[in-house]
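Numbering (the numbering used here), first residue to last: 165 to 382. Cβ atoms here follow ideal geometry from the backbone N, Cα and C, with glycine treated the same way. This report refers to the structure that appears directly beneath it.
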Ligand code: B16
Ligand code: MG
């Protein structure tokens, strides 16, 4: 029996990775640091501070500069968020959420982003979520299970009845560490450790997902 679906945000519900990329790229250009789209792939699902550390590639900044640079990047990113609308939902997501709700399945968000609530508002789907875990909810980021455990706690659903939808390897590891089911969205090389893998949610049916899961997460 499954009673809750927990969704990651970036790469699962919407594609904010492009906005994160443009914002980090602008900061990197201003600071004469090389930063490519390939570099950006490594920031998928990674917290703002850890993203900056990856961008710095070993260069050391004072704590004051770290905070100022993160703030500057976030300002650029939030400018992009102003234009987010329902059209930025990834294909198939709205229907999938509505069908899950019709099945009586609770819906939670589990994102590393401190902007997650604003993104959900912009996308026009905030009211579909029964609980939202974001970059403020726990201190240990994925691959630690903490964020998924925190959201499932809010929904009062046991881990073995909870399914996580994730596009990042660290997110799949976190879901498995939490004793939950993991549905990977993306290439096998990235999310292959999940119980079930799809390229994206477009064309994926709630009943098909439920039927594909094993009797127990582990
Ligand atoms: P913020 P997710 C993650 O979202 C992004 O993939 C990652 O690139 C970003 O650095 C992180 O959120 C933090 O975002 O700067 O808005 O707090 O995949 O966990 O939904
Ligand atoms: Mg993600």
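Where residue i and residue j are concerned, what is the direct C-alpha to C-alpha distance, given to the nearest angstrom?
i, j, result
"residue 168", "residue 327", "6 Å"
"residue 180", "residue 254", "10 Å"
"residue 353", "residue 370", "24 Å"
"residue 241", "residue 276", "15 Å"
"residue 349", "residue 359", "11 Å"
"residue 304", "residue 202", "25 Å"
"residue 264", "residue 231", "40 Å"
"residue 308", "residue 268", "28 Å"
"residue 291", "residue 223", "42 Å"
"residue 318", "residue 363", "29 Å"
"residue 278", "residue 245", "13 Å"
"residue 382", "residue 361", "16 Å"
"residue 218", "residue 193", "15 Å"
"residue 351", "residue 357", "11 Å"
"residue 177", "residue 289", "10 Å"
"residue 235", "residue 336", "29 Å"
Leaving out five residues before and five after residue i in sequence, what residues of the same chain have Cβ atoms less than 7 Å from its Cβ?
i, result
"residue 237", "187, 188 and 191"
"residue 185", "201 and 204"
"residue 380", "324"
CB of residue i to nearest heavy atom of the ligand MG: below 7 Å?
i, result
"residue 285", "no"
What distance in whole Å lies between the Cβ atoms of residue j and residue i, which are believed to be in contact at a cut-off of 8 Å?
i, j, result
"residue 173", "residue 283", "6 Å"
"residue 287", "residue 280", "About 11 Å separates the two Cβ atoms, so there is no contact after all."
"residue 365", "residue 338", "So it is not a contact: roughly 19 Å between Cβ atoms."
Who are the Cβ neighbours of residue i in its own chain at under 8 Å, not counting the five residues just before and after it?
i, result
"residue 208", "174, 175, 181, 331 and 332"
"residue 233", "191, 195, 216 and 225"
"residue 166", "269, 325, 326, 327, 345, 374 and 377"
"residue 321", "167, 168 and 270"
"residue 220", "197"
Can you tell me whether residue i sits near the ligand B16, meaning its C-beta is under 7 Å from at least one heavy atom of the ligand?
i, result
"residue 267", "no"
"residue 239", "no"
"residue 278", "yes"
"residue 364", "no"
"residue 272", "no"
"residue 359", "no"
"residue 299", "yes"
"residue 320", "no"
"residue 275", "yes"
"residue 236", "no"
"residue 167", "no"
"residue 291", "no"
"residue 401", "This structure cannot speak to residue 401, because the chain is shown only from 165 to 382."
"residue 212", "yes"
"residue 303", "no"
Who are the Cβ neighbours of residue i in its own chain at under 6 Å, not counting the five residues just before and after it?
i, result
"residue 315", "170, 272, 274, 295 and 297"
"residue 313", "342"
"residue 211", "276 and 305"
### Query
Of all residues in the structure, which have a C-beta closer than 5 Å to any heavy atom of the ligand MG, taken in chain order?
Counting every residue whose Cβ lies closer than 5 Å to a heavy atom of the ligand MG, we get 172, 174, 175, 209, 331 and 332.
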